Ligand SMILES: Cc1cc2nc3c(=O)[nH]c(=O)nc-3n(C[C@H](O)[C@H](O)[C@H](O)COP(=O)(O)OP(=O)(O)OC[C@H]3O[C@@H](n4cnc5c(N)ncnc54)[C@H](O)[C@@H]3O)c2cc1C
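In this note's numbering, the protein residues as written are 358 to 732.
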């Protein structure tokens, strides 16, 4: 494949993937759900990709400690420790957890020895470096048209690029295209706080998470994240959200909070960054081929009367149009493997995930549920 990567900014990774550090955070289920299977596979895939990047500046495998900060979490952690092998996760009592973290923590928790943090722009740049990929920066696609067997991307009346295959990987912005407008993607604003490392905060040895997360310093700065705001349309960092992040840090480790000497500086001086996550209603990403929604609804209308039917009718695909979006708060783990899933689909190769997981991520799932349940 020869790939043209249309990017509206001067470089890749200026939006959600632009944070200084993101965490390889595995939110698993002990019940083997599709999401949990995707997370385990995606984690392994991303970890293998990271091996070729620069440890210390691009990523670090310092481990991730998820604290059991309330009784419900402690119960969930117990179930997870029983369900997964020790090389993926281990239950640590409070003293061991504290020894791993290198700073005071009030709880035990799950330790993921192969977890760590990633500098997302480094991962994106590495992925876009391939000799067959041409980055077209300052190219914002506003409309997609199909002419014969070619998809054409337009910016107003200017043709930006054309190709037989298009992959929409623009997070929630893909709702602007008529072909993908009905996908139920939502933006959720998130803000991280950048905290300068101190001599005492250098003791932090692993990523530590409770409701939020804090990472060992990268190039002299810790990343503390991240707020959730379902309503805001403004990406200017706010002091209120820095305050919220600091409250999450207090819950993670009041010892680390004091080691960072934050109380000695005005809150308004805190620096950070805000961006939009992009989520779907079932928290699974949306990955795969797109169908024409109107014709899909007509073709499978019988399902709205009897959901047990298996109509032997071809799906009205929008040939060559694919989606890779909806990666929520865990894109570092799910997005690279989802790219691999699309590549397998396009080249008719074996899928890199169980078929049931690929189907759970399929863009048609929402239209199908709507037909069956009438909502
Ligand atoms: C505050 C915050 C903290 C997070 N923390 C973590 C974490 O700890 N761990 C984790 O795994 N994940 C985390 N995430 C989530 C993770 O960042 C995302 O899941 C991931 O970055 C999504 O990548 P993406 O490529 O789908 O979207 P994006 O990174 O947003 O990329 C979309 C790209 O498409 C471009 N684009 C959009 N529309 C167009 C168009 N019409 N024409 C041309 N270009 C277009 C944009 O410019 C952008 O470059 C966090 C997110 C936020 C906001």
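Ideal Cβ positions, reconstructed from N, Cα and C, are used throughout, including at glycine.
For clarity, every value in this text was computed on a predicted model and none was experimentally measured.
- In this structure the stretch 553-565 touches the stretch 612-632; the number of beta carbon pairs closer than 8 Å is three or more.
- Here the C-alpha atom of residue 474 lies approximately 48 Å from the C-alpha atom of residue 663.
- According to DSSP, residue 416 shares a beta bridge with 412, 475.
- Bounds of the beta strand (DSSP E) holding residue 579 are 578-582.
- The residues 460, 558, 561, 571, 606, in chain order, have a CB closer than 7 Å to that of residue 613 in the same chain once the five nearest residues on each side in sequence are set aside.
- Taking 6 Å as the cut-off, the C-beta of residue 494 does not count as close to any heavy atom of ligand 1.
- Residue 645 is a Cβ neighbour of residue 719, given a cutoff of 7 Å.
- Taking a 10 Å sphere around the C-beta of residue 360, we find fewer than 16 other C-beta atoms and assign the residue as exposed.
- In this structure, residue 423 sits away from residue 379, with a CB-CB distance that is not shorter than 7 Å.
- Between residue 501 and residue 488, the C-beta spacing is not below 7 Å.
- Boundaries around residue 429 are those of the alpha helix (DSSP H), 428-440, since no beta strand (DSSP E) includes it.
- The count of Cβ pairs closer than 8 Å, one atom from the stretch 448-455 and one from the stretch 396-409, stays below three, leaving the stretches out of contact.
- Nearest neighbour of residue 729 by Cα position, chosen from 695, 594, 655, 703, turns out to be 655.
- With fewer than three CB-CB distances shorter than 8 Å, the stretch 699-706 does not count as touching the stretch 414-431.
- Going by C-alpha positions, residue 590 is about 8 Å away from residue 546.
- Collapsing the DSSP output to three states places residue 466 in a strand.
- Taking C-beta separations shorter than 7 Å and ignoring five residues to either side along the sequence, the partners of residue 659 in its chain run 666, 668, following chain order.
- With a threshold of 16 other beta carbon atoms within 10 Å, residue 693 meets it and is buried.
- Comparing alpha carbon positions, the residue from 538, 548, 512, 592 closest to residue 724 is 538.
- Shown here, residue 626 sits in a helix according to DSSP, grouped into three states.
- Proximity to residue 583 across 577, 697, 631 peaks at 631, based on C-alpha coordinates.
- At a Cβ-Cβ threshold of 7 Å, residue 695 and residue 642 count as neighbours.
- Cβ atoms of residue 517 and residue 369 stay farther apart than 8 Å, at about 16 Å.
- With a threshold of 6 Å, the Cβ atom of residue 547 counts as near ligand 1, since some heavy atom of the ligand is closer than that.
- With a cut-off of 6 Å, the C-beta of residue 374 is classified as near ligand 1, since at least one heavy atom of the ligand falls inside that distance.
- Here residue 443 is exposed: its Cβ has fewer than 16 other Cβ atoms, across all protein chains shown, within 10 Å.
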